[in-house]
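Residue numbers (the numbering used here), protein chains in the order written: chain B, 1035 to 1367; chain H, 1035 to 1367. All remarks here apply to the structure that follows.
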DNA sequence: TTGTAAGCGTTATCAC
DNA sequence: GTGATAACGCTTACAA
């Protein structure tokens, strides 16, 4: 069970290394008898090409580096799945590093990827400043998913979170709600900020003032949804609807509401953000903004592949789509 | 921004390639002045070692191959996260291939990993027969997670699903239930079969006969939970409790129940399996079997690392832990 | 069409 | 301590 190299099969087939390489890669025409001899020896000896050696010789590693943010977030996990899907059948393999949403970790990770001679890079989310990304990656085909960088800086595939927040809030307004609370996401997270901006924009457009007491802090966790609702209840704040920064937060809010004996959507309407799988099966099924996470991951990946082949690419913005289920009802006045 | 190699820094530091290599790896003592000169040149020129070349020379790639089963299953995804976590700080990077729960895909994937000279292998789930794994992987450090192979065949880190099913069912029995339905998982999936076996065992031990009408087919999806409940209702079958093969199925069942106006746990008690994040926030919060998915992933990975260093390893079976929440109540007779 | 030989960037084995 | 020099396994001019 020793390592079989092309030299071994070269000998076995009575040809030179180069010829072996040629038939294996179809790089050049080879006499059919020798060809068969090579192919023959190849599987007789059970030859498996050494990708590492090939990479070194070719200068291409056939790997794509992927920076993930493993926080157990369904959204980012789904993007990662999209990346894997986008790579399938391409001959490229993904190699992962995890950024843990920490700048230094991310930089270390990207460096590691670079050291491994990846042919391209897919960066999922992250906090590394745009300039640093450019500095690190140079002209290596790179695309950033789920994050919007200045247009002239780098290629991004992202979702319009301002519009998402706007749509979600508007949906509530259209159902007659005016006392709409928002449970925000992580304080410095761009997506959270954008969704909040969309919320304000929708209210403004409807002539509804933003009331500070209806703006609750959160961190994308279910617990923060629970806390926010309890807080409002404790303070005696009245509201007829909640826009949660993501579905997990909405789940928490829904549970807290239920504990307080407040019916959804009977007494309070609820909208989430992400459309994660579980949201279709909560009671009631959650109305939420769909983010094409998997699709974005796949598209970003294919873009990297295309860039490797010299094709150009420009940033792509996705629009969200509100999935209307049963957690919102018309406000009966 | 050209590629800087050790040759470049060798020249810049007036030493030989070998010396550069030595200081970079600490392989041997080097005069401190030369050492400084090298280190100096190293970051002046911004040298980044080429991992591919190093791998070829050393015969170790510093990568661990991971076979995943990306079906969007929280359970398997969590294991993958555990793998990443287990690798962190080790210097090894994970390289992923996806098996999609298809034998041929899995074999192709493993082959690809092997071709990339991975130093070890973590196989998550999968359907490839034990003998084939052995044949493919030879003596490469390999451990299989979330799957139990014959003891003498390979190293596994898995959970005892029979016991899990047993505990879950027993919990229901202890609360006075006798008409306990089970919504099974994928027909040929070992875990599903084991959980079902545990269910039967618990009933038997309690002297409760297994009634066929209470055994519903399912496929681990929420929809199959919905279907199962609707089916029972349609057939007029009475039951006071449901053991769902996993949490997603439980979610579906819970929704269907709610649609039928059946209260949980008031009229029907419900137990799931997986303890995925969302289960703590459903209404009511779901009582479910906790599987230490992340932990299993991490442990398997560390085991592979240890095996690379020549340490032995033996299969490890995890016990499940029932997380009691609010979806089960005592049957009032 | 086919073989020889020169890399690819490191590490490792020798002498010195 | 340090520097040649030979691997590592494969690709790719360059000849023939």
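All residues carry an ideal CB built from backbone N, CA and C; glycine is no exception. Note that the coordinates shown come from a computational prediction; the quantities given were computed from them, not determined experimentally.
Which of helix, strand or coil DSSP assigns to residue i
i	result
residue 1043/B	helix
residue 1170/B	helix
residue 1313/H	helix
residue 1199/H	helix
residue 1108/H	helix
residue 1123/H	coil
residue 1209/H	coil
residue 1158/B	strand
residue 1272/H	coil
residue 1267/H	helix
residue 1060/B	coil
residue 1036/H	coil
residue 1345/H	coil
residue 1327/H	helix
residue 1183/H	coil
residue 1245/B	coil
residue 1080/H	coil
residue 1369/H	With chain H covering 1035 to 1367 only, the question about residue 1369/H has no answer from this structure.
residue 1262/B	helix
residue 1164/H	helix
residue 1066/H	helix
residue 1093/H	coil
Minimum Cβ-Cβ distance from residue i to chain B less than 7 angstroms
i	result
residue 1132/H	yes
residue 1074/H	no
residue 1286/H	yes
residue 1092/H	no
residue 1315/H	yes
residue 1150/H	yes
residue 1089/H	yes
residue 1115/H	yes
residue 1111/H	yes
residue 1244/H	no
residue 1086/H	yes
residue 1104/H	yes
residue 1095/H	yes
residue 1082/H	yes
Beta-bridge pairing of residue i - partner residues as DSSP gives them
i	result
residue 1352/H	1193/H
residue 1217/H	1250/H and 1278/H
residue 1130/H	1100/H
residue 1321/H	1305/H
residue 1176/B	1155/B
residue 1357/B	1322/B
Residue i at chain H interface by Cβ criterion, 7 angstroms
i	result
residue 1358/B	no
residue 1077/B	no
residue 1046/B	no
residue 1261/B	no
residue 1128/B	yes
residue 1312/B	yes
residue 1179/B	no
residue 1256/B	yes
residue 1118/B	yes
In the segment 1280 to 1308 of chain H, which residues sit with their C-beta less than 7 angstroms from some C-beta in chain B, listed in chain order?
Against chain B - using a Cβ distance shorter than 7 angstroms - the residues of the segment 1280 to 1308 of chain H are 1285, 1286, 1288, 1289 and 1292.
For the segment 1281 to 1308 of chain B, list the alpha helix (DSSP H) runs that are entirely contained and at least 4 residues long, ordered along the chain.
Runs of the alpha helix (DSSP H) inside the segment 1281 to 1308 of chain B: 1281 to 1293.
Using a Cβ cut-off of 9 angstroms, which residues of the segment 1329 to 1343 of chain H contact any Cβ in chain B, in chain order?
Near chain B, meaning a CB-to-CB distance below 9 angstroms, no residue of the segment 1329 to 1343 of chain H qualifies.
Residues from the segment 1206 to 1236 of chain H in contact with chain B, defined by Cβ distance under 9 angstroms:
Residues of the segment 1206 to 1236 of chain H with a Cβ closer than 9 angstroms to any Cβ of chain B: none.
Counting only Cβ-Cβ distances shorter than 9 angstroms, please list the residues of the segment 1145 to 1171 of chain H near chain B, keeping chain order.
Taking 9 angstroms as the Cβ-Cβ cut-off, the segment 1145 to 1171 of chain H approaches chain B at 1145, 1146, 1147, 1148, 1149, 1150 and 1151, given in chain order.
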